[in-house]
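Enquirer: One structure, as structure tokens, below. Some questions next.
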Amino acid sequence: MKFKTFPGGVHPPEEKELSEHCAFERMPAPSMVIIPLSQHLGKEAKPLVAKRAVVAEGQVVAEADGFISAPVHSPITGTVKSIGRESHSSGYSKDAITIVPFEPKEGEDAPAPVTLPPLDPATVSVEDIRSRVKEAGIVGQGGAAFPTFVKLTPPEGKAIETVILNGCECEPYLTRDDRFMIERPDDIVAGLRLIMRALGVHKGVIGIEQNKPQSIASMERAVASEEGISICTLQTKYPQGAEKMLIKAVNGRVVPVGKLPLEVGVVIQNIGTATAIYDAVVKGEVSITAALTVTGRGIHTPKNLIVPVGTSLSEVIAYCGGLTDNAAKVVVGGPMMGVAQHDLNAPIMKATSGIVVLTREDVRRQEETACLRCGKCIDVCPLHLMPTRLARLSELNMLDEAERLGITVCMECGSCAFTCPANIPLVQWLRLGKQRVMQQQRSRKSSAA
Ligand code: SF4
Ligand code: SF4
Numbered sequence: 257m258k259f260k261t262f263p264g265g266v267h268p269p270e271e272k273e274l275s276e277h278c279a280f281e282r283m284p285a286p287s288m289v290i291i292p293l294s295q296h297l298g299k300e301a302k303p304l305v306a307k308r309a310v311v312a313e314g315q316v317v318a319e320a321d322g323f324i325s326a327p328v329h330s331p332i333t334g335t336v337k338s339i340g341r342e343s344h345s346s347g348y349s350k351d352a353i354t355i356v357p358f359e360p361k362e363g364e365d366a367p368a369p370v371t372l373p374p375l376d377p378a379t380v381s382v383e384d385i386r387s388r389v390k391e392a393g394i395v396g397q398g399g400a401a402f403p404t405f406v407k408l409t410p411p412e413g414k415a416i417e418t419v420i421l422n423g424c425e426c427e428p429y430l431t432r433d434d435r436f437m438i439e440r441p442d443d444i445v446a447g448l449r450l451i452m453r454a455l456g457v458h459k460g461v462i463g464i465e466q467n468k469p470q471s472i473a474s475m476e477r478a479v480a481s482e483e484g485i486s487i488c489t490l491q492t493k494y495p496q497g498a499e500k501m502l503i504k505a506v507n508g509r510v511v512p513v514g515k516l517p518l519e520v521g522v523v524i525q526n527i528g529t530a531t532a533i534y535d536a537v538v539k540g541e542v543s544i545t546a547a548l549t550v551t552g553r554g555i556h557t558p559k560n561l562i563v564p565v566g567t568s569l570s571e572v573i574a575y576c577g578g579l580t581d582n583a584a585k586v587v588v589g590g591p592m593m594g595v596a597q598h599d600l601n602a603p604i605m606k607a608t609s610g611i612v613v614l615t616r617e618d619v620r621r622q623e624e625t626a627c628l629r630c631g632k633c634i635d636v637c638p639l640h641l642m643p644t645r646l647a648r649l650s651e652l653n654m655l656d657e658a659e660r661l662g663i664t665v666c667m668e669c670g671s672c673a674f675t676c677p678a679n680i681p682l683v684q685w686l687r688l689g690k691q692r693v694m695q696q697q698r699s700r701k702s703s704a705a
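Below is the structure:
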């Protein structure tokens, strides 16, 4: 049977078998939480608490600052230890609020957890869905961590026809979305219904790669009597879950360069985001936990976990039995687009989808050679770019030409580098070139203003 897909892409080893059978476990409260003010795309949140303040679990500790921003809440009842620069899984240090568990003095009671009133999903209004999603601080679980409220509030005059739920989970190793679809199919469909209602859309499609048969069966059962919602089984190929690739595969539309899915009448949400929306609306929960896969041959006991936001990577790793003797690299996210960590004090954030620990054998570097001009990187680029040429232009700092050939369009998916027989670090050059071109564009804009 031929499954839908997009042109280009690669087939890295899937490695899902390490954790796909591990049901979600809830990790106990950690010894301390470090809550970054920047856990989303857009402006970081503004702190509302001071050092030594006592805060309740679920209390807002920093408010959204502007339209593209999201509030952050305390995942534990505790005392604010400090507010300042802390490690961040992006590799840069960022402002964060550090909270230690509450230790009552004599006669003192811990403040009660803060919850929001549950809303009836059958009757909740569009405005109430949007404001609940905003208040709960939900951000996209698919990687970019875009504030979800913004995606549910499209600009006037934009006609949206379809909501696509992204259940591809095309990054190797990760199995979080797979477990959500196996364990909470009805909640996912109810979350999708809420998204469709907020956007006034009558068509929902759940895209799932063919390598998740249990998820496909589970979601097919959940939508069997749901009008307007269907399952689309997709070929297993990386990066099938990238927004533009998913839209192309599901309904054949092409998002124009530099535009959003809205331009072709589509809004995409991740499986985990739909679940978080259900939890916020129906159960009154705010975003104080992250659902993630901890896996790789460099970790003793791979697991799928629900972890309080702010828990350090090292505490999560210790909970999974610690690192093996040949562990060599800890990556936050998947191995294709994730970020290698140099400091395991960095905290888990709302949209952290996984911790992948690779071994020395996994990361053994192969010698880089000169470009063979084989064109393989061009064949696999899902955005039809010329990675070899762009990387060379970046290396030579020929930014105008790199801009003309579309370097800023590159989504850094890593397909080109994965396929390169000369082991050229294409993504590193592309990323550097992209940053420099964007910097140049900003300077041009500010000098023209
Ligand atoms: S990293 Fe960029 S250039 Fe390379 S395949 Fe992905 S989109 Fe294309
Ligand atoms: S895949 Fe590697 S060797 Fe082949 S053309 Fe691209 S950069 Fe050169």
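The letter at position 264 of the sequence shown is residue 520 when you use my numbering, and the numbering goes up by one with no holes.
Think of the CB as a built atom: it goes at the ideal place given N, C-alpha and C, for glycine as much as any other residue.
What separation, rounded to the nearest whole angstrom, lies between the Cα atoms of K493 and E651?
Expert: Along the sequence shown, read from residue 1 onward, the residue named residue 493 stands at position 237. Along the sequence shown, read from residue 1 onward, the residue named residue 651 stands at position 395. Going from the Cα of K493 to the Cα of E651 covers about 30 Å.
Enquirer: My guess is that V370 and I353 are in contact by the Cβ rule of under 8 Å, so how many angstroms apart are they, rounded?
Expert: Translated into positions along the sequence shown, residue 370 becomes position 114. Translated into positions along the sequence shown, residue 353 becomes position 97. About 16 Å; that fails the 8 Å criterion.
Enquirer: What do you reckon, are the CB atoms on A505 and F262 nearer than 8 Å?
Expert: The sequence position of residue 505 within the sequence shown is 249, counting from 1. The sequence position of residue 262 within the sequence shown is 6, counting from 1. Yes.
Enquirer: Sorry if obvious, but does the Cβ on A658 come closer than 7 Å to a heavy atom of ligand 2?
Expert: Residue numbering aside, residue 658 sits at position 402 when the sequence shown is read from its first letter. Result no, Cβ not under 7 Å from ligand 2.
Enquirer: Just to confirm before moving on: does the CB-CB distance between G610 and V289 stay below 8 Å?
Expert: Stepping through the sequence shown from its first residue, residue 610 is reached at position 354. Stepping through the sequence shown from its first residue, residue 289 is reached at position 33. With contacts defined as CB atoms closer than 8 Å, G610 and V289 fail to qualify as a contacting pair.
Enquirer: Verify the contact flag: A306, CB atom, against every heavy atom of ligand 2, threshold strictly below 7 Å.
Expert: Against the sequence shown, residue 306 aligns to sequence position 50. A306: no, Cβ never under 7 Å from ligand 2.
Enquirer: By the three-class DSSP mapping on this structure, what secondary structure does N467 have?
Expert: Along the sequence shown, read from residue 1 onward, the residue named residue 467 stands at position 211. Coil.
Enquirer: Given this structure, state the Cα-to-Cα distance separating L516 from G363, to the nearest angstrom.
Expert: Here residue 516 corresponds to residue number 260 of the sequence shown, with the count starting at 1. Here residue 363 corresponds to residue number 107 of the sequence shown, with the count starting at 1. The alpha-carbon atoms of L516 and G363 are separated by roughly 56 Å.
Enquirer: What three-state label does DSSP hand K350 in the structure shown?
Expert: Start at 1 with the first residue of the sequence shown, and residue 350 comes out as number 94. Looking at K350 - three-state DSSP - the assignment turns out to be strand.
Enquirer: Between the Cα of E281 and the Cα atoms of A312, A306, A546 and R616, which residue gives the shortest distance?
Expert: Mapped onto the sequence shown, residue 281 falls at position 25. Taking only the C-alpha atoms, the option nearest E281 is A546.
Enquirer: Using the three-state DSSP reduction, which class does A318 fall into: helix, strand or coil?
Expert: Translated into the one-based positions of the sequence shown, residue 318 becomes position 62. Strand.
Enquirer: Report the residue from G423, K390, E571 and V513 whose alpha carbon sits nearest the alpha carbon of M283.
Expert: Sequence index remark: in the sequence shown, residue 283 carries index 27 (1-based). Among G423, K390, E571 and V513, the Cα nearest to that of M283 belongs to E571.
Enquirer: How is the alpha helix (DSSP H) around L548 delimited, first residue to last?
Expert: Here residue 548 is taken as the residue at index 292 of the sequence shown, counted from 1. From DSSP, L548 is part of no alpha helix (DSSP H) but of the beta strand (DSSP E) over T545 to T551.
Enquirer: Just to check my reading of the structure: L682 and P638 have Cβ atoms closer than 8 Å, yes? What is that Cβ distance to the nearest angstrom?
Expert: Taking the sequence shown and counting its residues from 1, the one referred to as residue 682 is at position 426. Taking the sequence shown and counting its residues from 1, the one referred to as residue 638 is at position 382. So it is not a contact: roughly 14 Å between Cβ atoms.
Enquirer: Would you mind stating whether L579 and I562 have Cβ atoms separated by less than 8 Å?
Expert: By 1-based counting over the sequence shown, the position of residue 579 is 323. By 1-based counting over the sequence shown, the position of residue 562 is 306. No, the pair does not count as a contact, with Cβ atoms beyond the cut-off.
Enquirer: Say the cut is 7 Å; is the CB of S671 nearer than that to a heavy atom of ligand 1?
Expert: Locating residue 671 in the sequence shown gives position 415, counting from the first residue. Result yes, Cβ under 7 Å from ligand 1.
Enquirer: Suppose you measure from the CA of P268 to the CA of L628; what does that come to, to the nearest Å?
Expert: In the sequence shown, the residue the question calls residue 268 occupies position 12. In the sequence shown, the residue the question calls residue 628 occupies position 372. Cα to Cα, P268 sits roughly 21 Å from L628.
Enquirer: May I ask you to list the residues that DSSP assigns as paired with C488?
Expert: The sequence position of residue 488 within the sequence shown is 232, counting from 1. DSSP lists G463 as partners of C488.
Enquirer: Less than 8 Å separating the beta-carbons of A400 and A536?
Expert: In the sequence shown, residue 400 corresponds to position 144, counting from 1. In the sequence shown, residue 536 corresponds to position 280, counting from 1. It is not a contact, given that the beta carbons lie outside the stated cut-off.
Enquirer: Just to check my reading of the structure: T551 and L274 have Cβ atoms closer than 8 Å, yes? What is that Cβ distance to the nearest angstrom?
Expert: Position 295 of the sequence shown, counted from the start, is the residue given in the question as residue 551. Position 18 of the sequence shown, counted from the start, is the residue given in the question as residue 274. The Cβ separation is near 5 Å, so the contact holds.
Enquirer: Should P558 be listed as close to ligand 1, given that the test is whether its C-beta is under 7 Å from any heavy atom?
Expert: The count along the sequence shown starts at 1 and reaches residue 558 at position 302. No, since every heavy atom of ligand 1 falls outside the 7 Å radius drawn around the Cβ of P558.
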